[in-house]
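Encoded as structure tokens, the structure appears first; notes follow it.
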Amino acid sequence: VGGGALLCTAGSLAIRNCFFTNNVTTGGSGGAIRADSAVANLFSNCTFTANSAPAANAQGGALYFVTGASTNTFVSCTFITNRADSNGGAISMNVAGGLLQVQDCVFTNNVSAAGGGGAIYSKSPLDISGSNNVFYSNAASTGLGGGGAIYSSASLTIQNCLFTNNFTAGANGGAIQNTSVGVENIISNCIFTANASGYGGAVYLNGASTNIFDACTFETNTASGPNGGAISLNVVGGLLRLKRCAFGNNV
């Protein structure tokens with residue numbers, strides 16, 4: 196089933212000021228925590244380090260949310276060197292209809308070995324806010340999934356983030372891949388530097404949605420494929436709007 200440290204199948208979680216380190220689930224998803232209920236869960240000032248879900252197709256190196264359309268909120272949390280065999284090196288939100296909220300969190304060196312989202316994988320809307328979020332050196336590492344930092348198939352609202360040195364090995368979206376359809380994605384006041392992938396060195400968009408970038412900076416991002424050193428919009432019917440953005444030395 197999963198949940199190396201904690202399995203929650205009913206009720207809500209409110210977890211504050213905790214460390215989860217070196218927890219492993221050998222036969223399921225959620226290296227540290229698996230939660231299956233349709234409720235509101237809160238994680239505040241917690242650190243998740245070196246947790247793993249190594250079984251074939253296992254998701255969520257640190258946390259795995261499934262079944263219930265839950266709201267999961269992370270405030271001032273840190274995720275370091277967590278690893279999943281499949282989606283979501285740190286967090287997998289493997290259910291649509293919920294909400295994943297991230298505020299002032301740091302994701303470093305998390306890995307999705309054979310899936311998407313080196314740090315975060317989400318089928319539900321993802322809202323990243325606060326004054327300072329950092330995604331550094333996260334990876335979707337085998338080319339079987341995109342989004343070195345984030346893979347999302349629902350709407351994105353992202354602000355005040357630094358994405359640096361995130362990558363995919365042969366897949367797309369060094370920092371972000373989004374496949375949502377018919378929604379509005381808004382990314383504002385973010386910096387993308389030295390991210391790398393196949394298509395879309397920083398961001399790869401392949402869903403027919405409206406994508407708005409406002410006051411963002413793209414520097415030294417690299418696409419090894421033929422398109423989009425910084426951003427690749429690779430779908431008919433998608434829309435890309437750029438406002439007050441700067442691009443430099445992308446390849």
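The numbering used here puts the first residue of the sequence shown at 196, with every later residue one more than the last. Backbone N, C-alpha and C define an ideal beta-carbon position, used for all residues, glycine too.
Classified as exposed, residue 326 has fewer than 16 neighbouring CB atoms from the shown chains inside 10 Å of its CB. Residue burial annotation: residue 438 is exposed, with fewer than 16 other C-beta atoms found within 10 angstroms of its C-beta. Just so you know, the alpha carbons of residue 419 and residue 390 end up roughly 11 Å apart. Around the C-beta of residue 214, fewer than 16 other C-beta atoms lie within 10 Å, and the residue is accordingly described as exposed.
In this structure, residue 396 lies away from residue 441, with their beta-carbon atoms at least 9 Å apart.
Rounded to the nearest whole angstrom, the CA to CA distance from residue 385 to residue 330 is 11 Å. The beta carbons of residue 256 and residue 293 sit about 19 Å from each other, so the pair does not count as a contact at 8 Å.
Secondary-structure assignment with DSSP links residue 328 through a beta bridge to 356. Counting along the chain, residue 280 sits inside no beta strand (DSSP E), nor does DSSP assign it H or E at all. Judged by DSSP secondary structure, residue 231 falls outside any beta strand (DSSP E); it is assigned neither H nor E.
Of 273, 321, 308 and 247, the smallest CA-CA separation from residue 301 is found for 273. Linking residue 200 to residue 244 through their CA atoms gives a straight-line distance of about 13 Å. The Cβ atoms of residue 431 and residue 405 do not sit closer than 9 Å to each other.
Following the DSSP letters along the chain, one finds residue 435 inside the beta strand (DSSP E) bounded by residues 434–438. Distance from the CA of residue 222 to the CA of residue 356, rounded to the nearest whole angstrom, comes to 34 Å. If you draw a straight line from the Cα of residue 298 to the Cα of residue 320, it comes to about 14 Å. When secondary structure is reduced to three states using DSSP, residue 389 falls in the coil class, being assigned neither helix nor strand. In this structure, the straight-line span from the alpha carbon of residue 354 to that of residue 288 is close to 20 Å.
For residue 254, the secondary structure class from DSSP, reduced to helix, strand or coil, is coil.
Annotation for residue 203: the continuous beta strand (DSSP E) segment containing it runs 201–203. Non-local C-beta neighbours of residue 407 in its own chain, meaning closer than 6 Å and more than five positions away in sequence, comprise 381 and 436, ordered along the chain. A Cβ-Cβ distance of about 7 Å is found for the pair residue 234 and residue 206, placing them in contact under the 8 Å criterion. Per the coordinates, the alpha-carbon of residue 398 lies some 20 Å from the alpha-carbon of residue 296. The residues 317, 321 and 373, in chain order, have a CB closer than 6 Å to that of residue 347 in the same chain once the five nearest residues on each side in sequence are set aside.
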